[in-house]
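Just below is one structure, and these are the notes that go with it.
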Amino acid sequence: PWWDLSSFRKKWTRLISLLLSLSQGSGKTTLLDAVAGRIGNSGKLLGEIYVNGRKLKAEQFQDCFSYVPQSDNLLSYLTVEETLTYTAQLSLRKHSSEAIRKKVAAVMAELSLGHVAHSVIGGRIFPGISVGERRRVSIASQLLQDPKVILLDEPTTGLDSMTANQIVVLLADLARRDPIVIVTIHQPRSELFRIFNRIAIMSRGELVFCGKPEEMVDFFSSCGYECPEYCNPFDFYVELTSVDRRCSEREAATYSRMHDITSAYQSSKIYKSMLGKIGQSCQRADKPMIPFRTHSLPNETLFMYFLLSDTHRRTVRNMSRDRMGILMRLSQNLIYGLFIAFFLMKLDEDVTKGAVQDRIGIIYQSMGASPYTGMLNAVALCEYLIHIVSSRSECFERYVAGIHISKSSSICSVGDHGEAAGFSLKSGGKSVCLTPKYRRIQIRQTMSPTSPPQRLSGVKESHKFSFHSYNTLMLISGLFMPKTP
């Protein structure tokens, strides 16, 4: 099973580059998360991980491995040099400012980032460096810590073939110098086949093969699956070991084939030789020590002080350059104050005519609406909700321009929709409801189209006014709110 991590135990004294070539859903990201100690409360790690023949404890994982996730989590308004400098200041506490500056310059030169050192990272609303350069910045952030093992989760995803090739060649050069590089990748080019020292193929959470590139070709040929001429070996072998779920017959046939290949590998000389080397490394008398990262600040209070200080300065510098964001944050508070002033002008002084209820209502609106303005910043920072904001903005722009989504689509405001009032877009027999209470999208099947007046006929006037007032405030604040930090 995938949690048997003993197949991936390697000596630190040997410089290797390991490729995990896998199909989607095979367990590659889960494997890297387990090795890097990023499982957390989402699951339980079974099995053992050895470094230099010594068993590694769960709390020691993150002190041994550097992890580069699939997505680049970088601040948009900082330059490349500033991003790496702040990262170095957080991780290299014992170094002086001059040593940190030289370290950052050396890493940028190593990853060919010198020409974009003073360029901003960029984001969705304004241009910056390219996607490939952004990926190299993420790798450079980990290289600043001088790691012994670097884990990269699909570093070539979203890149063109030329940029992906450059990233893989760069990682291979790093592996030849000092660190061990473990990469998960989808559909690499055939030219990269012999760059990796070892290639591992996984499917359905099981290790199908792990060995040298030339051993992989001979192994699959001995199983009766010889790679055709002019065919990419990666594509051919991944297709062989993948399970086709389009129908039950295909799934049974492909799963049986994958199981046969896995059984053949476990009984092969390649697998037995690898287990023998692992056993020898564990039985060595002179086992090298585990090269943990040095903790320069044993005092936890002092460490938290420097951590908060550096992150505060980094955040202030990033936000101070977001001129549009600052302007919109000031404007939304001004507009919110104008709304409150407008409501105060219409308050009645006669208790018999609802003066108490009016004041209770304005207090409720003041207390209830103000948190939503702060939530807009959370929406801009939360990656999970960015696509919801983008979809809503696109629908609004099409509606204003008079372009309908389809012939049977309509946009209308609705009343109570089970849990809260919301925004509804009907298209082709489906209703997409965005509820302001939970800020989520719900898909509901509808039997027949219903016109907006019919949907609003059963809604109270007070509910209509509250909903439209909320939507107006959210629209004014949300249209210009930047969607990236």
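If you use mature numbering (1 follows the signal peptide of the UniProt record, and there is no 0), the sequence shown corresponds to residues -27 to -1, 1 to 458, in order. Every residue gets a Cβ at the ideal spot worked out from N, C-alpha and C, and that includes glycine.
Nearest-angstrom beta carbon gap, residue j and residue i [assumed within contact, 8 Å]
i    : j    : result
I234 : G184 : That belief does not hold up - the Cβ atoms of I234 and G184 are roughly 13 Å apart, past 8 Å.
V154 : L144 : 5 Å
G26  : R257 : 5 Å
S49  : G96  : 4 Å
L63  : V104 : Rounded, the Cβ-Cβ distance is 25 Å, inconsistent with contact.
I335 : L317 : 7 Å
G101 : S92  : 7 Å
I158 : T129 : 6 Å
C220 : F209 : Their Cβ separation, rounded to whole angstroms, is 23 Å, which puts C220 and F209 out of contact at 8 Å.
M231 : K1   : No, M231 and K1 are not in contact; Cβ-Cβ is about 15 Å, not under 8 Å.
V142 : I168 : 7 Å
F207 : Q160 : 6 Å
Contacts around residue i, its chain only, beta-carbon distance under 6 Å, and the 5 residues preceding and following it disregarded
i    : result
Y40  : A9, L124
R287 : Y59
P42  : D126
N205 : S163
F279 : none
D6   : I12
E106 : V89
Y238 : F182, Y244
P261 : N25
L29  : I22
Enclosing beta strand (DSSP E) for residue i [first to last residue]
i    : result
S69  : Element bounds for S69: n/a, residue is neither H nor E.
V104 : Counting along the chain, V104 falls outside any beta strand (DSSP E), though it belongs to the alpha helix (DSSP H) covering 104 to 116.
One or two residues paired with residue i in a DSSP bridge
i    : result
C183 : A173
F38  : V122
R27  : V24
I153 : V122
V190 : V190 pairs with nothing; no bridge assigned.
T52  : V93
Same chain only: Cβ atoms within 7 Å of residue i, ignoring 5 sequence neighbours per side
i    : result
A82  : none
P152 : P120, K121, V122, I123
S134 : R162
R223 : D217
A61  : I73, K76, V77, L117
Per-residue DSSP class, three states only, for residue i
i    : result
L125 : strand
T130 : coil
I336 : helix
R296 : helix
R428 : Interpretation of R428 is limited by its pLDDT of 40, a score under 50 that renders its predicted location unreliable; the figure taken from the coordinates is listed afterwards. Of the three classes helix, strand and coil, the one that applies to R428 here is helix, per DSSP.
S85  : coil
L19  : coil
L320 : coil
D45  : coil
E199 : coil
R167 : coil
G327 : coil
F99  : coil
R218 : coil
G178 : coil
I140 : helix
I313 : helix
I308 : helix
Close-in-space but distant-in-sequence residues of the same chain around residue i (CB under 8 Å, 5 per side omitted)
i    : result
A90  : T52, V53, E54, M81
S339 : I313
R74  : T58
Q115 : S39, Y40, V41, I123
Q118 : S39, S64, L65, R266
I94  : L47, L48, S49, Y50, L51, T52, V53, T56, G101, I102, R107, V110
S229 : none
E188 : I243
L320 : A328, D331, R332, I335
Enclosing alpha helix (DSSP H) for residue i [first to last residue]
i    : result
T214 : 206 to 214
M262 : Counting along the chain, M262 falls outside any alpha helix (DSSP H), and DSSP gives it neither H nor E.
C255 : 242 to 255
H232 : 221 to 239
T3   : 1 to 9
beta-carbon residue i near the ligand PLP non-hydrogen atom, thresh 7 Å
i   : result
G95 : Looking for the ligand PLP in the displayed structure turns up nothing, as the structure carries no ligands at all.
8 Å Cβ cutoff, residue i in contact with chain B
i    : result
F315 : Chain labels in this structure do not include chain B; a single protein chain is all it has.
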